[in-house]
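Some notes on the structure that comes next.
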Amino acid sequence: MWRRAAVIGPSLSNRLAIAGVHDKGIMSRKLHARRIEGIDKNIWVEFTQLAADYKAVNLGQGFPDFPPPSFIQEAFCKALNGGSPMHQYTRAFGHPNLVKILAKFFSRIVGREIDPMEDILVSVGAYQALFCTFQALIDEGDEVIIVEPFFDCYQPMVKMAGGTAIYVPLKPREGCGPALSSADWVLSPEELASKFSPRTKAIVINTPNNPLGKVYLQEELQVIAELCIKHDVICISDEVYEWLTYDGTKHVKIASLPGMWERTVTIGSAGKTFSATGWKVGWAMGSGHILKHLKTVHQNSVYHCATAAQEAVAVGFQREYDSFGTEDSYFLQLPLLLHEKRLRLADCLKSVGLKPILPQGGYFMIADISKLNINLTDPSTKDELYDYRFVKWLIKEKGLATIPVSAFYSPEHREEFQKYIRFCFVKEDSTLQAAEDILRQWSESK
Amino acid sequence: MASMKHKNAKRIEGLDKNVWVAFTSVAADPSIVNLGQGYPDIPPPSYVKEGLAQAAMVDRLNQYTRGFGHPTLVKALSKVYGKVYDRQLDPFKEILVTVGGYGSLFSAMQALVEEGDEVIIIEPFFDCYVPMVKMAGAKPVFIPLRLKSPTTTSINSADWVLDQEELASKFNSKTKAIIINTPNNPIGKIFSRSELQAIADLCIKHDTLCFSDEVYEWLIYKGHEHEKIATLPGMWDRTITIGSAGKTFSVTGWKLGWSIGPEHLIKHLQTVMQNSLYTCPTPLQEAVGQGLLRDYELMGQPDCYFSSLALELEGKRDRMAAMLRQIGMTPVVPEGGYFMIVDVTALNQDLSHMGGEEPYDYKFVKWMIQEKKLAAIPVTAFVGEDSVKQFEKYIRLCFIKKDSTLDAAEAILKSWNKS
Numbered sequence: 001m002w003r004r005a006a007v008i009g010p011s012l013s014n015r016l017a018i019a020g021v022h023d024k025g026i027m028s029r030k031l032h033a034r035r036i037e038g039i040d041k042n043i044w045v046e047f048t049q050l051a052a053d054y055k056a057v058n059l060g061q062g063f064p065d066f067p068p069p070s071f072i073q074e075a076f077c078k079a080l081n082g083g084s085p086m087h088q089y090t091r092a093f094g095h096p097n098l099v100k101i102l103a104k105f106f107s108r109i110v111g112r113e114i115d116p117m118e119d120i121l122v123s124v125g126a127y128q129a130l131f132c133t134f135q136a137l138i139d140e141g142d143e144v145i146i147v148e149p150f151f152d153c154y155q156p157m158v159k160m161a162g163g164t165a166i167y168v169p170l171k172p173r174e175g176c177g178p179a180l181s182s183a184d185w186v187l188s189p190e191e192l193a194s195k196f197s198p199r200t201k202a203i204v205i206n207t208p209n210n211p212l213g214k215v216y217l218q219e220e221l222q223v224i225a226e227l228c229i230k231h232d233v234i235c236i237s238d239e240v241y242e243w244l245t246y247d248g249t250k251h252v253k254i255a256s257l258p259g260m261w262e263r264t265v266t267i268g269s270a271g272k273t274f275s276a277t278g279w280k281v282g283w284a285m286g287s288g289h290i291l292k293h294l295k296t297v298h299q300n301s302v303y304h305c306a307t308a309a310q311e312a313v314a315v316g317f318q319r320e321y322d323s324f325g326t327e328d329s330y331f332l333q334l335p336l337l338l339h340e341k342r343l344r345l346a347d348c349l350k351s352v353g354l355k356p357i358l359p360q361g362g363y364f365m366i367a368d369i370s371k372l373n374i375n376l377t378d379p380s381t382k383d384e385l386y387d388y389r390f391v392k393w394l395i396k397e398k399g400l401a402t403i404p405v406s407a408f409y410s411p412e413h414r415e416e417f418q419k420y421i422r423f424c425f426v427k428e429d430s431t432l433q434a435a436e437d438i439l440r441q442w443s444e445s446k
Numbered sequence: 001m002a003s004m005k006h007k008n009a010k011r012i013e014g015l016d017k018n019v020w021v022a023f024t025s026v027a028a029d030p031s032i033v034n035l036g037q038g039y040p041d042i043p044p045p046s047y048v049k050e051g052l053a054q055a056a057m058v059d060r061l062n063q064y065t066r067g068f069g070h071p072t073l074v075k076a077l078s079k080v081y082g083k084v085y086d087r088q089l090d091p092f093k094e095i096l097v098t099v100g101g102y103g104s105l106f107s108a109m110q111a112l113v114e115e116g117d118e119v120i121i122i123e124p125f126f127d128c129y130v131p132m133v134k135m136a137g138a139k140p141v142f143i144p145l146r147l148k149s150p151t152t153t154s155i156n157s158a159d160w161v162l163d164q165e166e167l168a169s170k171f172n173s174k175t176k177a178i179i180i181n182t183p184n185n186p187i188g189k190i191f192s193r194s195e196l197q198a199i200a201d202l203c204i205k206h207d208t209l210c211f212s213d214e215v216y217e218w219l220i221y222k223g224h225e226h227e228k229i230a231t232l233p234g235m236w237d238r239t240i241t242i243g244s245a246g247k248t249f250s251v252t253g254w255k256l257g258w259s260i261g262p263e264h265l266i267k268h269l270q271t272v273m274q275n276s277l278y279t280c281p282t283p284l285q286e287a288v289g290q291g292l293l294r295d296y297e298l299m300g301q302p303d304c305y306f307s308s309l310a311l312e313l314e315g316k317r318d319r320m321a322a323m324l325r326q327i328g329m330t331p332v333v334p335e336g337g338y339f340m341i342v343d344v345t346a347l348n349q350d351l352s353h354m355g356g357e358e359p360y361d362y363k364f365v366k367w368m369i370q371e372k373k374l375a376a377i378p379v380t381a382f383v384g385e386d387s388v389k390q391f392e393k394y395i396r397l398c399f400i401k402k403d404s405t406l407d408a409a410e411a412i413l414k415s416w417n418k419s
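So the sequences go chain by chain: H and L.
Numbering of the first sequence is given in full-length UniProt numbering, commencing with residue 1 and proceeding in unit increments.
Numbering of the second sequence is given in full-length UniProt numbering, commencing with residue 1 and proceeding in unit increments.
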């Protein structure tokens, strides 16, 4: 019950002793709060800088290098010319036009009446929705199950909330030969069940998954749902790539399974939905009795999100609501476009000796680099994991940026998964062409 | 089915209530003249809006930018504030862009304050300081501004001061930080150099941090100067100074702000940022950056927006003070900011028919909204329990409103005694 004991009323010199190394400057007391200890490193800060420094062809960070669809850009222009209210505060928990259309849109998909005011919180990107969720629901001592590989922020967010992360891996299915598709990576139901304890507060799933691209089937979600219900656990379902599924794979919302609406927080992203990651508009959706706690965090951290961007996203969703299922729908056009790019990149990677795992969904593809025999002699990276070293070598020597997949594993398991790198294929054909040229040249020179 | 496990985390226990939740929905009724919540109903400068339109047309400006602040913006901030502080500011290490001034306050609190700490808050205060201190696990310690006997017949915000002995008594070895807000919301007080020096002396003596909320820094009225506590000797290394694009350019709905301070403090705020929302919207940051660069060139000249807005608001301030005096209320004329608090005692409004335990100002505002169709905010929303009696005859009005809104308010005030 009691949080770790604070150091109460010691003398200043006592606190200096506890602090250890002091921050520079006039202040002599320990400065930073414990909650941010151990979460200061961040892969994106390091690798985006590196990619920029070497002007690499960037298949690293996940954002499109093509523009958002014109209808959404027009919606934004219209919004910012829409009079003074568009530039002033809107409703803190979500601009009315946006929450109303989100409720309408997703009610149809989830198969239940979603209340725009009670069941939805608009956030600064899906990232902030995740933050609100962990801060709202996780206390010290709570366990949170995270499926590996995972979008890297889940681990530090759980830590910052005082929780303990418990990992369970997706693994290539036994006995099916080389796991060439993300569908071949599965959870073992027994192993998953063993991770639940009386202290388990939540489980985080991400479907389609970053970095693997796995799209969980209904049966797989059912297994997770049953455990959530049995152990009275909350499910945090990160579905930012929900529209990006390929080869006819269906995205299934765990919140729509029996017994799950009342215990699931579903997270979405306008940035990924409309290829406008720089707008930073996201949302959390779920039963009001849970969402109200996320709202409390939100109102005490950022309070409002930018108005005009929310208005534009609302217009975008209205258009998609009206054209849903038709060939006009961006939600159909984008996956069709990416379907091809994905195949193209996979073929190219195969042709140079990398072994890609074809994703069923999402923005990314991982490839096995273990069969390449690269002599990595850069002394500055000698203590790092193999995939980190390889990625840095690839940026510096070949001008191609990717991301090491061990970054998406827990500190405990990182070393077992050093042989994959992640590519983002949501790029212009010219970018993919440039990447192909680099890989081809490299392969020919070997 | 209510589950015990679906209960909220302890850190947000008791933090769900909020004065805005109570009052903004009420004021959304278009028949009510809203002088409550603090946002302009005047348009932002056209070049700022155009800047956004232009930014939105550039493909890469619709995608993620640098997490700690878009390069155009942080460089512009380092230029503008480099001039104001008269010091070289590293745009990448000494500046963090956040979701509004609010986001900067949150980042500072989460980065630097924890259980066992005390944080001094000066009353009246922008209401979010208390829940943020509590969410960080720390204890808020209050000290009120007190009205000293005015030397002239009209009261202004400079008449509200801290008792120096009282202030000193609030500091101890657990005091991690003091939050100051200058110009102050809601009173509009601008802390003078000597007042800031007194606070600085205590910060240095007790090795305390200072969070200086200066979102209204450009809204300074004639005869007054805004002082930055971070420029006092010994203070740069222990101060986080907070600014706001929303207040600077009248675009509260853009929700962009910034923290400026020494690297050894800012780096911790950056850690919070990268683990909470990672990055702020790109096109908005680009537009604010461009706006700042434009006004940087005009700094010190009358058509710099930083000065022209203040000039425009001074007229509205004076007009509002006059209309309130006309019906017997006593306004506290602010030296800065865009709020005015007003003492309603002289109206002798009997509110005994209104039930409930709320302080007088809450009842007065609700009554005024209902009976007079005029909205304000009760000032006790900005004070701790112990100071309620001292402030419950005051309400807060916002005057960054277009003339037609002020006309409508004036009409209501003129006919006050008629109904």
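From the three backbone atoms N, C-alpha and C, an ideal C-beta is built for every residue, glycine too.
- With the criterion set as a beta carbon lying under 8 Å from some beta carbon of chain L, the members of the region 301 to 319 of chain H are S301, V302, Y303, H304, C305, A306, T307, A308 and A309, in sequence order.
- Residue ranges of uninterrupted alpha helix (DSSP H) with 4 or more members, entirely inside the region 57 to 128 of chain L and ordered along the chain, are 71 to 85 and 100 to 112.
- Between the alpha carbons of Y362 of chain L and K389 of chain L lies a distance of about 12 Å.
- Using beta-carbon distances, G261 of chain L does not count as an interface residue toward chain H, since no partner is under 8 Å.
- Distance from P211 of chain H to Y241 of chain H at the Cβ level is roughly 11 Å; contact not present, criterion being Cβ atoms closer than 8 Å.
- Taking the Cβ atoms as the reference, L167 of chain L lies roughly 7 Å from A198 of chain L, within the contact range of under 8 Å.
- The CB of G94 of chain H never comes closer than 8 Å to any CB in chain L; the least such distance is about 13 Å.
- Assignment of beta-bridge partners to Y127 of chain H by DSSP yields no partner.
- For the pair A56 of chain L and M365 of chain H, the Cα-to-Cα distance works out to about 29 Å.
- Those residues of the region 123 to 137 of chain L placed with their C-beta closer than 8 Å to a C-beta in chain H are C128, P131, M132, M135, A136 and G137, ordered along the chain.
- A Cβ-Cβ separation of about 6 Å places F249 of chain L in contact with G291 of chain L under the 8 Å criterion.
- The beta-bridge partner set that DSSP reports for S212 of chain L consists of L:I180 and L:T241.
- Residue-level contact check: S70 of chain H does not touch chain L, since none of the beta carbons of chain L fall below 8 Å from its beta carbon.
- Beta-bridge pairing by DSSP links D343 of chain L to L:T330 and L:Y394.
- For the pair P30 of chain L and P96 of chain H, the Cα-to-Cα distance works out to about 16 Å.
- Looking at the backbone, the Cα of A435 of chain H and that of L400 of chain H are separated by about 7 Å.
- At least one CB of chain H lies nearer than 8 Å to the CB of F106 of chain L.
- In the structure shown, K253 of chain H falls within a coil segment according to DSSP collapsed to helix, strand and coil.
- Bridge pairing for E148 of chain H: H:P169 [DSSP].
- By the criterion of a C-beta distance shorter than 7 Å, Y409 of chain H is surrounded in its chain by E148, P149 and F417, once the five residues flanking it on both sides are discounted.
- Membership of T264 of chain H in the beta strand (DSSP E) is indicated by the continuous run T264 to S269.
- Here DSSP, grouped into helix, strand and coil, assigns I403 of chain H to strand.
- In the three-state DSSP reduction, K189 of chain L falls in the coil class, being neither helix nor strand.
- Between E239 of chain H and T266 of chain H, the C-beta spacing is below 8 Å.
- Sorting H:I146, H:V204 and H:K100 by C-alpha distance to the C-alpha of I166 of chain H places H:I146 at the top.
- Under the three-state reduction of DSSP, C348 of chain H is assigned to helix.
- Listed in chain order, the positions of the region 254 to 269 of chain H with a beta carbon within less than 8 Å of a beta carbon of chain L are E262 and R263.
- Chain order gives the chain H residues near L265 of chain L as L31, where near means a beta carbon separation below 7 Å.
- For A202 of chain H, the enclosing beta strand (DSSP E) begins and ends at T200 to N206.
- Here P411 of chain H is exposed, its C-beta having fewer than 16 other C-beta atoms within 10 Å.
- For the region 35 to 59 of chain L, residues whose beta-carbon sits nearer than 8 Å to a beta-carbon of chain H comprise Q37, Y39, P40, D41, I42, P43, P44, K49, L52, A53, A56, M57 and D59.
- For W367 of chain L, the enclosing alpha helix (DSSP H) covers residues Y360 to K372.
- Going by beta carbons, P404 of chain H and V391 of chain H fall inside the 8 Å limit.
- Taken through DSSP and simplified to helix, strand or coil, R317 of chain L comes out as helix.
- S194 of chain H and K159 of chain H have their alpha carbons spaced roughly 21 Å apart.
- Chain H places a beta carbon closer than 8 Å to that of C280 of chain L, counting this residue as a contact.
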